[in-house]
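Heads up: the protein sequence lines correspond to chains V and Z, in order. Heads up, the first sequence is in my numbering, so the first residue is 419 and it goes up one at a time. Heads up, the second sequence is in my numbering, so the first residue is 4 and it goes up one at a time.
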Amino acid sequence: MDALPLRNRFVFTVLALVVGSTGPAFAAPAQGPPGAVAAPHFRLPTFTGVAVDSDSLRGEVILVDFWASWCAPCERSFPWLTALDTQYRTKGLRIVAINLDKKRDAAEKFLGRHEVPFVVAFDPEAVSAKAFQVPGMPTTFLIDGAGNILYSHVGFDPGKTEELESKIEEACR
Amino acid sequence: MTLRRSLSMVLLCGAGAALVSGCASMKVAPWDRDLLAEPKMSFSPDPMLSAIDDHIYFSTEGSTGGQDAAGGGCGCN
């Protein structure tokens, strides 16, 4: 065996190792309608002190929003969530905003800056986020009355809410 | 001798590649990014000051985008 082919093989091996081991780092999280997937169950304490249980909301359309105080798009999404609550509450939509801050006071400071007419739950251990496989912050899940995930969306852009709003409109009919 | 040396090189470089890219598949969970989101974790702790520095730099050097953007060197800014 002469040196040149072995050197080529060596380069190939190193490249394969690097590409193989860094590949999963660039994998994009899945977005869009996930189909009829059952939403995971959650029971969490809320801002008012009463626990919210996903089973008790069965029969209603639920919008679950995962957020944190340090997430800038979450800050922009709260006025929109408030507007949604005003518009769709009478049509059967219940918004549950699940906070994932590890420090409760950071979340309460955030909530002090916003009008919050919907349910805010706290999950510092991120148990529900793990169950929902939240890929980024914020992530919104639209759940139908049967407890199935109708739609999910990662991130928030105030100019791109039509799709989610049309899904809510459809689900609330 | 050449074969042994080459094999050692392959092993060494393989170990090196594994070492530098070993954490590439380990993602920080979205809810664990609170510390990463803190202003002190950004490359530029004061974006306003950086913008002023950039402006002074390209004005004195006469090279728009001289630091981090595409551009010419017309010195007309």
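Just so it is clear, CB atoms sit at the ideal spot from N, CA and C, and this is done for glycine as well.
Around the beta carbon of residue 556(V), 16 or more other beta carbons sit within 10 angstroms, so the residue counts as buried. Residue 460(V) is a Cβ neighbour of residue 549(V), given a cutoff of 8 angstroms.
Annotation for residue 523(V): no beta strand (DSSP E) segment contains it, though the alpha helix (DSSP H) segment containing it runs 522-530. Taking all protein chains in view, the Cβ of residue 58(Z) is surrounded by fewer than 16 other Cβ atoms within 10 Å, so the residue is classified as exposed. The region 4-16 of chain Z makes no contact with the region 566-580 of chain V; the number of CB pairs closer than 8 angstroms stays below 3. Against chain Z, the CB of residue 547(V) has a partner CB under 8 angstroms away; the residue lies at that interface. Secondary structure note for residue 512(V): its beta strand (DSSP E) is the uninterrupted segment 511-517.
If you look at residue 570(V), you'll find it in the beta strand (DSSP E) that goes 566-572.
Residue nearest to residue 478(V) within the set 490(V), 511(V), 586(V) and 539(V) is 511(V) (criterion: CA-CA distance). A Cβ-Cβ distance of about 15 angstroms is found for the pair residue 534(V) and residue 482(V), leaving them out of contact under the 8 angstroms criterion. At the C-beta level, residue 464(V) and residue 552(V) stay beyond 8 angstroms of one another.
Counting along the chain, residue 463(V) sits inside the beta strand (DSSP E) bounded by residues 461-463.
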